[in-house]
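Chains as they are written, first to last, in full-length UniProt numbering: chain E, 1 to 264; chain G, 1 to 264; chain Z, 1 to 264; chain C, 1 to 264.
Beta carbons: idealized from backbone N, C-alpha and C, even for Gly.
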C-alpha cells in the first residue's frame, strides 16, 4: 500500500460554496419558475464539481445553495478562479469559506464560520467573500474516505417498492449514517445519488465501522456495506474506497479497507 | 380565482425517469471519478428539469438515478423526445415510467410499477423503456401544490450553525414532512434545495396543513410555513403556491392558500 | 413520400435570438476571461438548440451573439418561455425577432428588422424584446432543407492537412456556398460543424443544385455533396435530407433528394 | 510592463482536441437529431473551454469536431484528465494532439501531425490518443495575443443589415484576416463570436499590424481594430490584449499594444 508511510490522521481542508443572497433572488421581482431554478442549481453544482475534480477534490451538492467540497489539494486562493467563473457564467455569485482542521467536522465548522463572520448569507452587499480559517495549526494531510452503499438496493428497493418509498428509505438511512459518523467520528458524510454516501473521516478501523453499520441497521432496518481508502487527495482516497467497495460486492463482505490483518 | 370552476381533486400524472443499468456503468471497467459522476448526474437532471419546464411540469432530482416529474400536461408519448435527447447527449440512457392515478402516491407507485414490470433497473438489455399505467381510470386534472420552507432558515441555521448540521436539520425536517404527507394525504414531497420542499398533494385545507406543520415541529423542532396553489399544471399550481408562500413571509402567517373564509 | 400532398413552397419562419447589450457586458467592469465567455456562449446556444429541438425546429450558432432558428412549428409567443429560461439561468438576456416570409432570406431579414426597429443591440434599456413580422401574408408551410458536406473530408483534409488549413478550407467553402445560395435561391445557409452545412431554402431541383456545387468547386476547389428533404418542420425536412445525404455516401452520387425521375 | 524581461518570441504550445470517429457516430444507427448534435457539440466545447481556462489557456471551437487550445501553461499529460472527463460525461471520446513549436502555425501542424500519425479520425479503434510533438526543441515561452474586432460593428452591421449578411461579412473578414496572419506571420487566428477574432502570433509590431488591417480592409471593405498583449499564458497575454482593445475603443486608435515609442 502506498499510503503506509504517510500519516493517516493529517488535517482536512473543506470548503463551503455558498450562493450569495440566493433566496431573495429566487423570488425577485416575482417567484421564478421552479424548473429553471432546479436546472440552474444543478448546472452550477456541476461547474463546482468539475472545479474540484480538476484538482483531485470531491464536491457535494449539500443543500444546493450551500455546496461542499474536499479541498486538501487546493490552495484557498484558487477559489477566486471558481468565483470568477460562476460570476461570468451564471446569474448568481458565490462566496467560499475554507476551513483546515484536524477533523472534517471541525474543518466544515471553520469553513462555515468564516462565511458567517463575513455577514449574513442574505446580506445584499456581502458578495464573493473568500476566506480561510485554520484550526489548531492543522495542515492538509492524508485523507480517509469511506464509500457506503445499500446491500442489494436494486433487489430490495428500486425493483420492489415505489420510488418515493425507496428514496425516503435511502435518505433516512443516509441521515442516520451521517449523524452517527459526525457524532462518533467527527466525519462529514454526504449522499451522492442512488444508494451511495461518501464520508470524509478520520482514520477509522474495522471495529468502528462494524459498530456504525450495526447502528444504522438497528435504526433503519437497512444494511450497508462500506469500502475505505486513504490517500493524499479526496480522489486518491475515494478511488481506493471505491475499489474496496467493489471488493465488498464481489466477496459479500460488508467492510473492506486498506488494513492488514494486524490492523483489524 | 381562475381555478374556481375546475375540479380540485383531478387525477395526477407523475413520471419516473430512471437511468438504465447505471450502477454497473459507474464502475465499468473500473470506478469512474466521483466528481465526473456528480457533474453528469447534475447536468442530466438539468436536462430533465428543462424538459418538464418546457411543458409546464415540475421535476425533482429524487435519488438522481431515479428522477421524478409532474406531468399533468404531458402526453406520455412525449417522453420519447426526452429519451432521444438523453441518448444523443449523454453516455447513459433513461427509461420512463408514467402513472396517472387519483392521488400522487398512487401515480408514483404506478409509474414505478411499469418500470419494474419491464425488468430490473440493472438488466443490461432493458433500455429506454417507456410505459404508462392508468389507475382507476384517472385523468390528469387540477393539481394542488404546497410549497414549504423553514421559518427564518438564515437566522436559525445558515448564519448560525455548521453547514452539515444545517443540512441534516433541513433534511430531517423534510423527511418527516414527506413521510407525514405521504401517509396522511397520499402526497409526494421533494426537497428542492435550500430550505424548500414541494408537495404534490390532493386538495388539502388549512386545518390539515396546521396539523402537518405541528407534527413536523414536534418531531424535529423546526417550524415550517407553507403556501398552497391550484392549477391545471404543476407550474400554474406551483406559481400560485410560491406567491402564497411570499404572503407568509410578508405577513408572518404560517399557511396561505387559495381559500376563502368559508373554506377554512 | 408523405410530403407529396403538401405545397412545397410554403412560407418560412425564422428567428434571431440576440443577446442584449452583450458586447459592453463582456468588458464591464473590465474584460472578462475569454474562456468563460466561450463557455457561456456555447452553453447558451445549447439551451437555444434544445429549445428549438423540442419544437422540431433547427438552431444555428450564427455569430453566437446573434443565433438563428428555424421556427415553422413555433408560435412566436412561445419564445417568451425561452427568454424566461435564459434570464433565469444565465447572466445575460435575449431578444427574439421572428420573421415569416415567402423565402428564408426574406424571413431572416424580417426577423432582423423587428429587432432593429426596437432599438440598438447595444441599447442598455432594450431588453427581452419579442416581436414578429409577417411578409406578404406568408404562413409557415412545407420546408425544404439541404444538408451538405465535403466529399471525403477525412481523407482530403482532416487526416492530411493542418487543422487550421482544414478549417479555413471548410469555412471558405461554406461561405461560398452560403453566398451563392442566398443570391440565387434566397436560402439561408449555416455551417453546423465538421464539414457540414445546412441550408433552409425554397424548393430547389437537381439542376439548380448541380450548378451550385459546380460554382463552389470552381471557387474553392472543394467538392460537396448534398441531400435534400421536405417536411412540415425543420426536423422532418432535415431528417429526410440527412437520409438523402447518407444515400450520397453509400452510392457515390453527389445529389440525392425526394424527386422522382420526372422531377430531375 | 511585467513582460519586459521575458523573451517575447518563446515557443508556443497548441492542442487539437478531436472527437473520435464522430462523423459515423452522428449517423449511427440512423441520423441523429440535428439540434441534439448542435447542443452536444456546444456543451462539449464549453467543457473544453473550462478545462483550458482553468489552466490560463485559451480554447477555440474550430470546426467543433476539431477544437483548438492554447496550452503554454499545460503539461501535455494533463490532457488525460480532460479525456477522462469527456468519456465520463459525454457519449463520445476525444483524442488530443499537442504540438510545441517556434510558431503557432508550426505548433498546430505538429499537433495535427501526431493525431494523423496515430491513425485516421474515423478509425473505429483509434480512441483517446494523446501525444505530443516538439518542433526544433521549442519550449513554451511568452505568448503574443492579438484581439481584433470590427470598428462599430453594431452601427455598421448588427443594427443595419440582415443577420445572415452581417454574419457572412464578419466571417469573410475573419477568414481574410486568418489567411493573411497565417501566411505572413505564422499566426493561428480564430473567430470567437460577435465580431471578435483572436490571433496567437509571434511578436508583431505596429507596422506589421497596420499592413494586415489594410490588407483586410482592401479585401473585404471592413475596418478592424486590434489590441495586442504579451504574457506567460494565453490568458495573461489575452487579458492585456483585451485592455489594449478597450483603449482602441476609447481613443479611436486602431492599434494598441505594449510598445513604447521606440518600438513603433
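- 8 Å or more divides the Cβ of residue 227 of chain Z from the Cβ of residue 215 of chain Z.
- Counting the other Cβ atoms within 10 Å of the Cβ of residue 117 of chain C gives fewer than 16, which makes it exposed.
- Under the DSSP definition of a beta bridge, residue 95 of chain E partners with E:18.
- Our two residues, residue 131 of chain C and residue 89 of chain G, have alpha carbons roughly 27 Å apart in a direct line.
- By the criterion of at least three beta-carbon pairs nearer than 8 Å, the segment 143-156 of chain Z is in contact with the segment 187-195 of chain Z.
- By the rule that beta-carbons nearer than 8 Å mark a contact, residue 203 of chain E does not touch chain C.
- Approximately 7 Å separates the beta-carbon atoms of residue 62 of chain C and residue 163 of chain Z; this is inside 8 Å, confirming the contact.
- For the pair residue 20 of chain C and residue 84 of chain C, the Cα-to-Cα distance works out to about 14 Å.
- Rounded to whole angstroms, the Cβ separation of residue 127 of chain C and residue 93 of chain C is 5 Å, and the two are in contact under 8 Å.
- Annotation for residue 209 of chain C: the continuous alpha helix (DSSP H) segment containing it runs 206-220.
- Within the segment 61-88 of chain C, those residues whose Cβ lies closer than 8 Å to any Cβ of chain Z are, in chain order, 61, 62, 63, 64, 65, 66, 68.
- Residue 66 of chain Z sits in a strand when the DSSP states are folded into three classes.
- The three-state secondary structure of residue 140 of chain E, taken from DSSP, is strand.
- Here residue 26 of chain C is not near residue 33 of chain C, since their CB atoms are 8 Å or more apart.
- When beta bridges are read from the DSSP output, residue 73 of chain Z appears opposite no residue.
- Distance from the Cα of residue 69 of chain Z is smallest, within the candidate group Z:41, Z:115, Z:16, for Z:16.
- The beta-carbon of residue 116 of chain C is placed less than 8 Å from the nearest beta-carbon of chain Z.
- By the criterion of a C-beta distance shorter than 6 Å, residue 233 of chain C is surrounded in its chain by 56, 72, 73, once the five residues flanking it on both sides are discounted.
- Separation of residue 237 of chain E and residue 246 of chain C (C-alpha to C-alpha, rounded to the nearest whole angstrom) is 47 Å.
- Of all residues in the segment 18-49 of chain C, only 32, 33, 36, 37, 39, 40, 43 come within less than 8 Å of chain G when Cβ atoms are compared, listed by chain position.
- Assignment of residue 180 of chain Z by DSSP, reduced to helix, strand and coil, places it in the helix class.
- For residue 213 of chain G, not one C-beta of chain E is nearer than 8 Å to its own C-beta.
- The three-state reading of DSSP puts residue 161 of chain C in coil, since its state is none of H, G, I, E or B.
- Taking the Cα positions, residue 36 of chain G is about 48 Å away from residue 218 of chain Z.
- In the assembly as shown, residue 256 of chain E is a buried residue. Its beta-carbon has 16 or more other beta-carbons within 10 Å.
- Here the C-alpha atom of residue 210 of chain Z lies approximately 45 Å from the C-alpha atom of residue 95 of chain G.
- A straight line joining the alpha-carbon of residue 187 of chain Z with that of residue 59 of chain Z spans about 15 Å.
- Cβ neighbours of residue 172 of chain C within its own chain (closer than 7 Å, five residues either side excluded): 220.
- In the three-state DSSP reduction, residue 149 of chain C falls in the strand class (E or B).
- Distance between residue 176 of chain E and residue 129 of chain E, taken at the CA atoms: about 33 Å.
- The C-beta separation of residue 18 of chain G from residue 49 of chain E comes to about 22 Å, leaving the pair out of contact by the 8 Å criterion.
- Nearest to residue 28 of chain Z by C-alpha distance, out of Z:124, Z:67, Z:134, is Z:124.
- Excluding residues up to 5 positions away in sequence, 225, 226, 227, 254, 255, 256 lie with their Cβ nearer than 8 Å to the Cβ of residue 248 of chain G in the same chain.
- DSSP lists Z:96 as the beta-bridge partner residues of residue 130 of chain Z.
- Taking 8 Å as the cut-off, the beta carbon of residue 100 of chain G is found closer than this to the beta carbon of residue 138 of chain G.
- Note: residue 58 of chain G is bridge-paired with G:70 in the DSSP secondary-structure output.
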